[in-house]
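Below you'll find the structure, written out as structure tokens, and then a few comments.
There are 2 protein chains.
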Amino acid sequence: MITSLHNKDIKAVEALAAKKRERDRQGLFVVEGPKMFGEAPAERISRVYLAQSVAEQMRGQYGEKLSGLSCETVSDEVFAKMSDTKTPQGILCLVRQQHYNIEEILHEKDKKQMLFIVLEDIQDPGNLGTIFRTAEAAGADAVIMSSRTADLYNPKTIRSTMGSVYRVPFCYVESLSSIIMKLREEGVSVYAAHLGGKAAYDDYRYQKSTAFLIGNEANGLREETAACADAMIHIPMKGRVESLNAAVASSILLFEASRQRRIGKS
Amino acid sequence: MITSLHNKDIKAVEALAAKKRERDRQGLFVVEGPKMFGEAPAERISRVYLAQSVAEQMRGQYGEKLSGLSCETVSDEVFAKMSDTKTPQGILCLVRQQHYNIEEILHEKDKKQMLFIVLEDIQDPGNLGTIFRTAEAAGADAVIMSSRTADLYNPKTIRSTMGSVYRVPFCYVESLSSIIMKLREEGVSVYAAHLGGKAAYDDYRYQKSTAFLIGNEANGLREETAACADAMIHIPMKGRVESLNAAVASSILLFEASRQRRIGKS
Chain A
4 MITSLHNKDI KAVEALAAKK RERDRQGLFV VEGPKMFGEA PAERISRVYL
54 AQSVAEQMRG QYGEKLSGLS CETVSDEVFA KMSDTKTPQG ILCLVRQQHY
104 NIEEILHEKD KKQMLFIVLE DIQDPGNLGT IFRTAEAAGA DAVIMSSRTA
154 DLYNPKTIRS TMGSVYRVPF CYVESLSSII MKLREEGVSV YAAHLGGKAA
204 YDDYRYQKST AFLIGNEANG LREETAACAD AMIHIPMKGR VESLNAAVAS
254 SILLFEASRQ RRIGKS
Chain B
4 MITSLHNKDI KAVEALAAKK RERDRQGLFV VEGPKMFGEA PAERISRVYL
54 AQSVAEQMRG QYGEKLSGLS CETVSDEVFA KMSDTKTPQG ILCLVRQQHY
104 NIEEILHEKD KKQMLFIVLE DIQDPGNLGT IFRTAEAAGA DAVIMSSRTA
154 DLYNPKTIRS TMGSVYRVPF CYVESLSSII MKLREEGVSV YAAHLGGKAA
204 YDDYRYQKST AFLIGNEANG LREETAACAD AMIHIPMKGR VESLNAAVAS
254 SILLFEASRQ RRIGKS
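Structure, rendered in structure tokens:
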């Protein structure tokens, strides 16, 4: 059992939780809590840490999954130091990052109607995680992000995905313009959520392969990004609201596509 | 200028930011940042605090609004202590709480199609604020909350409303069952968002007065609350997502009602 706050493995976990550079270097990220451990694919888990006071309970609950994994018990004090949360839940694991290839994702395009969400510089980790969770629920095939979007492997983002991080393909791209043009060449219709869009979001039909572009929380989409889309759409708003939360706007668009596809089928 | 960290006014602001009991006792809440100050109705502002380093700039930008208000400059160190944020923006004000009467709100029901969102025990301050922001944008008439819902006047909630806190009527109620029965008696159709709902949310028409019930983030709606509704509805989900974020679910329902009412008119 690890009881020293200065143990090198403990310091390594703290660095992984705190620094994107460290996560990228090691190709790992930190996952906390029973739910997120339970949903993590076992073959991607490189190490598990249990807090002493709940280790027995966790072994009882997750014995089968834990049996094949490298597992270490640490004192509660050490666990609290590793944890990113105020009320640590006593289980934490390191998970190998997954890299997806947008080309492979697009290969599916002839078989089905695809759905993408493309994010420009989303900054709030909670928003980003919520968008992943919502994207999975709406049946999206991938989340595409500008390189200045928050890091998906930030512990707060991971938590907000509620497990979708393991299941929704994604990629970060240097140039959104290039990926938008590529999507269009591949037959995906691209709609930019933009306050200046003349059409309401429900004026279009999203039965065919569709991508929605969502801009940064404070500034919305860059004009040059919006200009690459097939069309600009807006979500009609009442009252004196200037814009919607980015995760809310994403949800309304993704679920409108989902709704249209569902009723189109019945 | 206040330069002492122990000044009693400064301590009073800190208490208002930290404690619901103190906010309720004084009937005030704390608002931070130029945007939220700019949107606050001047007649409800009881005091303004400016950080020394930006006081001149703020007086330039908000001179007209500030002129009729009780305004105090404080040292940057004092301001940082009062502020709830990591990067204080140099302007903070105390705003008088507003109390709404659900009876008065319902008096409007014969004149228009009403829209309500009813929240059971929502805990996350950010979610609650985002629901207010979205409710205003969707044209909701009021947000009704169970007494165990997070405090709207929590600084984090206030920030997330992006100003909707000043404009969307709301009330906390002891018994959701009673208010649901009252809404139904007044001709409002009440729909409970519930994973067990057989109907999809878009199976119903929301042109007439409508209320949506949304449950707690972790547990969803209580069975006894859901049972009071006219109908239970679910949002069809793909993948392995167990539930949606409460603000996301609220948004999808509110904007479906908004969409139906908009296209119904055209």
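Chains A and B are the protein sequences, given in the same order. Just so you know, we're using the numbering used here here: the first sequence kicks off at 4 and counts up by one. Just so you know, we're using the numbering used here here: the second sequence kicks off at 4 and counts up by one. Positions of the beta carbon are idealized from the N, C-alpha and C atoms, including for glycine. These numbers come from a predicted model, not from an experiment.
Grab me the residues of residue i's own chain with a C-beta within less than 7 Å of its C-beta, minus the 5 sequence neighbours each way, in chain order.
| i | result |
| --- | --- |
| alanine 83 of chain B | Pro91 |
| methionine 165 of chain B | Arg136 |
| serine 254 of chain A | Thr137 |
| alanine 58 of chain A | Thr76 |
| glutamate 177 of chain B | Ser150 |
| leucine 256 of chain B | Ala196, Tyr204 and Phe215 |
Among the residues of its own chain, which have a CB less than 8 Å from the CB of residue i, if the five just before and after it don't count?
| i | result |
| --- | --- |
| glutamine 64 of chain A | Pro37 |
| leucine 275 of chain A | Here chain A covers residues 4 to 269 and nothing more, so residue 275 of chain A does not appear. |
| proline 283 of chain A | Any answer about residue 283 of chain A is impossible in this case: the structure gives chain A only from 4 up to 269. |
| glutamine 210 of chain B | Gln116, Gln263, Arg264 and Gly267 |
| glycine 30 of chain B | Arg99 and Gln100 |
| isoleucine 13 of chain A | Ile5, Ser7, Val77, Val81, Lys84 and Met85 |
Could you tell me which of the options sits nearest to residue i, measuring between CA atoms?
| i | options | result |
| --- | --- | --- |
| leucine 247 of chain A | B/Ala45, B/Leu72, B/Asn130 and B/Arg225 | B/Asn130 |
| tyrosine 272 of chain A | A/Asp233, A/Leu224, A/Asp206 and A/Gln101 | Within the shown structure, residues of chain A are numbered from 4 to 269, placing residue 272 of chain A beyond reach of any answer. |
| threonine 220 of chain A | A/Gly242, A/Tyr204 and A/Val251 | Per the sequence shown, the amino acid found at residue 220 of chain A is glutamate instead of threonine. Ranking the options by Cα distance to glutamate 220 of chain A, first place goes to A/Val251. |
| aspartate 205 of chain A | B/Arg28, B/Ser56 and B/Gln263 | B/Gln263 |
| serine 78 of chain A | A/Ala54, A/Gly66, A/Ser70 and A/Ser86 | A/Ala54 |
| aspartate 154 of chain A | A/Asp12, A/Arg24 and A/Val16 | A/Arg24 |
| aspartate 127 of chain B | B/Gly218, B/Ala214 and B/Asp87 | B/Gly218 |
| isoleucine 236 of chain A | A/Lys11, A/Arg170, A/Met184 and A/Leu216 | A/Leu216 |
| glutamate 259 of chain B | B/Tyr194, B/Arg225 and B/Asp233 | B/Tyr194 |
| valine 121 of chain A | A/Val34, A/Ser192 and A/Arg208 | A/Ser192 |
| glycine 223 of chain A | A/Ala214, A/Gly200 and A/Thr76 | A/Gly200 |
| arginine 225 of chain A | A/Glu245, A/Arg187 and A/Leu198 | A/Leu198 |
| lysine 159 of chain B | B/Asn10, B/Met39 and B/Ala15 | B/Met39 |
| serine 261 of chain A | A/Gly66, A/Phe119 and A/Ser70 | A/Phe119 |
| glutamate 35 of chain B | B/Leu257, B/Met61 and B/Ser70 | B/Met61 |
Would you list the residues sitting across from residue i in a DSSP beta bridge?
| i | result |
| --- | --- |
| isoleucine 120 of chain B | B/Val146 and B/Phe215 |
| alanine 202 of chain A | A/Ile236 |
| tyrosine 207 of chain B | None, per the DSSP bridge assignment. |
| glycine 223 of chain A | A/Asn219 |
| tyrosine 156 of chain A | Answer is none; tyrosine 156 of chain A lacks a bridge partner. |
| serine 192 of chain A | A/Thr213 |
| phenylalanine 173 of chain A | A/Val146 |
| phenylalanine 32 of chain B | B/Val98 |
Does DSSP put residue i in a helix, a strand or coil?
| i | result |
| --- | --- |
| histidine 237 of chain B | strand |
| tyrosine 52 of chain B | strand |
| serine 261 of chain A | helix |
| isoleucine 183 of chain B | helix |
| isoleucine 5 of chain B | strand |
| leucine 247 of chain A | coil |
| arginine 99 of chain B | strand |
| leucine 256 of chain B | helix |
| threonine 76 of chain B | strand |
| asparagine 130 of chain B | helix |
| glycine 267 of chain B | helix |
| glutamine 60 of chain B | helix |
| aspartate 12 of chain B | helix |
| isoleucine 105 of chain A | helix |
| proline 44 of chain A | coil |
Leaving out five residues on either side along the sequence, give the residues of the same chain with a beta carbon under 6 Å from the beta carbon of residue i.
| i | result |
| --- | --- |
| leucine 109 of chain B | Glu189 |
| tyrosine 156 of chain A | Arg26 and Phe32 |
| threonine 228 of chain A | Glu123 and Leu179 |
| isoleucine 134 of chain A | Ala250 and Ser253 |
Does the beta-carbon of residue i, which I'm using as the reference point, lie nearer than 8 Å to any heavy atom of the ligand MG?
| i | result |
| --- | --- |
| phenylalanine 119 of chain A | In the structure shown, the ligand MG is absent, as is every other ligand, since no ligand is present at all. |
Under 9 Å, do residue i and residue j count as touching if we go by C-beta distance?
| i | j | result |
| --- | --- | --- |
| aspartate 124 of chain A | threonine 152 of chain A | yes |
| tyrosine 103 of chain A | alanine 141 of chain A | no |
| serine 180 of chain B | cysteine 231 of chain B | yes |
| valine 51 of chain A | isoleucine 94 of chain A | yes |
| serine 49 of chain A | methionine 117 of chain A | no |
| isoleucine 238 of chain B | alanine 196 of chain B | yes |
| serine 86 of chain A | glycine 132 of chain A | no |
| lysine 185 of chain A | glutamate 139 of chain B | no |
| arginine 243 of chain B | glutamate 46 of chain A | no |
| isoleucine 105 of chain A | isoleucine 182 of chain A | yes |
| tyrosine 72 of chain A | leucine 19 of chain A | It should be pointed out that residue 72 of chain A corresponds to leucine in this sequence rather than to tyrosine. Not closer than 9 Å, so no. |
| alanine 202 of chain B | alanine 234 of chain B | yes |
| tyrosine 207 of chain A | proline 44 of chain A | no |
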